[in-house]
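Accompanying notes for the structure given below.
2 protein chains.
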Amino acid sequence: MAAQPQAPASCCIAGDQARALLKALADPIRLQVVEALAPGERCVCELTEQLGLAQSKLSFHLKVLKDAGLLSDRQQGRWTYYRLQGRALEQLRDWLDQLMLCRSS
Amino acid sequence: MAAQPQAPASCCIAGDQARALLKALADPIRLQVVEALAPGERCVCELTEQLGLAQSKLSFHLKVLKDAGLLSDRQQGRWTYYRLQGRALEQLRDWLDQLMLCRSS
DNA sequence: TACATTCATCAAGATTTCTTGATGTGTAAT
DNA sequence: ATTACACATCAAGAAATCTTGATGAATGTA
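The structure is reproduced here in structure tokens:
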């Protein structure tokens, strides 16, 4: 059967969006951040300590990840907590699945 | 002496390997190349025409993709045919799944 | 042999991305 | 009000990546 052009809601992100996610993840520091956040949210100061990064450096990468939709943040008092957005990872996986579908035809 | 990291064959690629794949895919031109190759193999001259790219430019990006393990090539006469390595895409998807698993625990 | 075709590779410049240190903003404690 | 803390943002330099045009290697054709 031919590949289906339509797909469920959570699927089907555009190539551009997929590329934004790929680009955000394709950096060693940002990947460490994502892995550090996989178990659950952390505040910036915990991350700087855990990863041994300069604060400004971490902040830069957190912004990249947030802009890509991979992280959300929440402010509580003086601390800012970052959290991994599983939705973005799912979308990327679905995009990969779609690509593999095209292939197997 | 290839000290093999302990991991099941298709799953469980290291973060470094995942990052190499992410980096290779995180470029608009390379993403176009990958999508162009999804239906099946193409020779370089077909790709240059289809994508409207300078030959040297395309060659550069093909090398990046091949080095990352996303493409394989096959020489036939004067032509070189490139083919998408579905295995690499699967590995990347599995790596994503693994990351999502860590998250939900 | 001589020549054209296909593709890879190289070096130099252009562009993008990252890092660093300084400064700014908001919050809370004294 | 002053100070300390947590974090974001900025500008300038450093580093990585991409592009371009030229050249080279391999294959096939006349």
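Those protein sequences? They're chains A and F, same order as listed. For the first sequence, the working numbering gives the first residue as 1, with consecutive numbering after it. For the second sequence, the working numbering gives the first residue as 1, with consecutive numbering after it. Don't be surprised by glycine CBs; every beta carbon is placed ideally from N, CA and C. Because the structure is a prediction, the values reported are computed rather than measured.
**Item:** Through-space distance from Q55(F) to V33(F), alpha-carbon basis
**Value:** 13 Å
**Request:** Go through its chain and collect everything with a Cβ distance to T48(F)'s Cβ below 7 Å, but skip five positions before and after it.
**Result:** Q55 and L58
**Message:** Suppose you measure from the CA of F60(F) to the CA of Q17(A); what does that come to, to the nearest Å?
**Reply:** 24 Å
**Cβ-based burial, D67(A) [other Cβ within 10 Å; buried from 16]** = exposed
**Message:** By alpha-carbon positions, which one of K63(F), Q75(F), E46(F) and L53(F) ends up nearest to A24(F)?
**Reply:** K63(F)
**Request:** Measure the Cβ-Cβ separation of L37(F) and A38(A) and say whether it is below 8 Å.
**Result:** no
**Request:** Show which residues of chain A have a CB atom less than 9 Å away from the CB atom of C102(F).
**Result:** Within chain A, the residues E35, A38 and P39 have their CB atoms less than 9 Å from the CB of C102(F), given in chain order.
**Prompt:** From L22(A), A88(A) and R74(A), pick the residue whose C-alpha is nearest to that of V44(A); which is it?
**Reply:** R74(A)
**Prompt:** Quick one, which residues of the region 72–92 of chain F are near chain A if we go by CB-CB under 9 Å, in chain order?
**Reply:** L84, G86, L89, E90 and L92
**Below-8 Å beta-carbon distance, A14(F) vs any chain A residue** = So no, A14(F) is outside the interface.
**Request:** Count the other C-beta atoms from every protein chain shown that fall within 10 angstroms of the C-beta of Q91(F), then say buried if there are 16 or more, exposed otherwise.
**Result:** buried
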